[in-house]
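Everything below concerns the one structure shown next.
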Amino acid sequence: MDNQSSKQEPPQKVIAVDVAKCIGCGLCVSTCPEVFELGGEDGKSHVKNARGCEQCNCQEAIDSCPARAISWQEMANSKS
Ligand code: SF4
33 MDNQSSKQEP PQKVIAVDVA KCIGCGLCVS TCPEVFELGG EDGKSHVKNA RGCEQCNCQE
93 AIDSCPARAI SWQEMANSKS
């Protein structure tokens, strides 16, 4: 039997920052430093660990973002 692709995995969720909304305040970096970092040319928050943090699942960062720039996004299943 070689029916190996019949098992469906649930959609993966990834944490994302909308840089168009982000004001670079750094709150998310303080809350979840292993997930977000400020930097780059724009000085805005960027995700370095899209799976989110283990402690609060980044809900605290999402709730405290003054620009409402952080959200969970569903990713299509893809294997590479
Ligand atoms: S808390 Fe929101 S506005 Fe502030 S740096 Fe993070 S994503 Fe940007």
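Counting with this note's numbering, you get residues 33 to 112 for the letters of the sequence shown. Glycine included, each C-beta is placed from N, C-alpha and C at the ideal position.
Residue i classed as buried or exposed, judged by whether at least 16 other C-beta atoms fall within 10 angstroms
i, result
"residue 102", "buried"
"residue 47", "buried"
heavy atom of ligand 1 below 7 Å from residue i C-beta
i, result
"residue 56", "yes"
"residue 102", "yes"
"residue 99", "yes"
"residue 49", "yes"
Beta-bridge partners of residue i, as assigned by DSSP
i, result
"residue 48", "103"
"residue 70", "77"
Three-state class that DSSP yields for residue i in the structure shown
i, result
"residue 91", "helix"
"residue 64", "coil"
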